[in-house]
Amino acid sequence: MIITTINAKGGVGKTTTTMFLATVFAQRGYAVTVADLDRQGSALDWAERAEDGGDPLPFDVELSIPKRVDRQAALVADDEIMFIDVPPGDENAIEAAIAVSDFIIMPTRSAAADLSRIWELRDAVSATPHAVLLTFARKGTSALEAARQALDAEEMPRFQAEIPLREDMHLAFGYCPGPDMHGYDAVADELMEMMK
2 MIITTINAKG GVGKTTTTMF LATVFAQRGY AVTVADLDRQ GSALDWAERA
52 EDGGDPLPFD VELSIPKRVD RQAALVADDE IMFIDVPPGD ENAIEAAIAV
102 SDFIIMPTRS AAADLSRIWE LRDAVSATPH AVLLTFARKG TSALEAARQA
152 LDAEEMPRFQ AEIPLREDMH LAFGYCPGPD MHGYDAVADE LMEMMK
């Protein structure tokens, strides 16, 4: 299974979503790898920092490039999961990742400016199962409710689980996620249901 996290906008939680979900699935016994398509190597940097700190991630992270990701995807066995972390605004990386994906997760904040980038990707992901994941969610706010309503009105699939705005999420970089998975365990449950 190949799962890609994409958004044309940065700062919406793509790498965090990738790393937390990869951890959840690895803890559930799946063989997991992460292909990092970001030239900045954010996922790889996260993994190296965790290992240097004595708390390695339970999966491997490999730096990749768009023209190589299809070869990596071809090596993924039926009982394995490869997550692809895609940088914002890199059309070649986005297209290459979409082409090999079994499922696409589009993390976004609830602000209208962030949601507008989701609409830009709509046609590109239409042939692949996909869903929007609301991140940095502030429960009880009108912005979050407006985002839910906008997605539902456009019949854009979305996860019911939402990732809350939490200060400790900003501190997760470079550490093995857990024990609090901040809602990503519920996202993993929904993802498995959507993939059936």
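Residue 185 in the numbering used here sits at position 184 of the sequence shown, and the numbers go up by one each step. Note that the Cβ used here is the ideal one computed from N, Cα and C, for glycine as well.
How do the segment 94 to 112 and the segment 45 to 55 stand: do at least 3 beta-carbon pairs fall below 8 Å, yes or no? no
| How far does the beta strand (DSSP E) with F60 in it reach, from first residue to last? | In the sequence shown, residue 60 corresponds to position 59, counting from 1. Where F60 is concerned, there is no enclosing beta strand (DSSP E), given that its DSSP letter is neither H nor E.
**OP:** In the DSSP assignment, find the beta strand (DSSP E) that holds H131 and state where it starts and stops.
**Re:** Translated into positions along the sequence shown, residue 131 becomes position 130. Segment H131 to L135, the beta strand (DSSP E) holding H131.
- Task: Could you check the C-alpha separation between T19 and F84 for me, to the nearest Å?
- Result: The residue you call residue 19 lines up with position 18 of the sequence shown. The residue you call residue 84 lines up with position 83 of the sequence shown. Going by the C-alpha atoms only, they are around 6 Å apart.
- prompt: Between the beta-carbon of D71 and the beta-carbon of A97, is there less than 8 Å?
  reply: For this step, residue 71 is matched to residue 70 along the sequence shown. For this step, residue 97 is matched to residue 96 along the sequence shown. Between D71 and A97, the C-beta gap is smaller than 8 Å, which places the two residues in contact.
task = May I have the straight-line CA-CA distance separating A147 from A114, to the nearest angstrom?
result = Against the sequence shown, residue 147 aligns to sequence position 146. Against the sequence shown, residue 114 aligns to sequence position 113. In a straight line, the C-alpha of A147 is about 13 Å away from that of A114.
CB A162 to CB G184, shorter than 8 Å?
Counting from 1 along the sequence shown, the entry for residue 162 is found at position 161. Counting from 1 along the sequence shown, the entry for residue 184 is found at position 183. Going by C-beta atoms, A162 is nearer than 8 Å to G184.
> Would you call the CB atoms of A132 and I106 closer than 8 Å?
Replying inline: Residue mapping note: residue 132 aligns to position 131 of the sequence shown, counting from 1. Residue mapping note: residue 106 aligns to position 105 of the sequence shown, counting from 1. It is a contact, given that the beta carbons lie within the stated cut-off.
- Query: For the segment 88 to 97 against the segment 21 to 38, are there 3 or more C-beta pairs whose distance is under 8 Å?
  - Reply: yes
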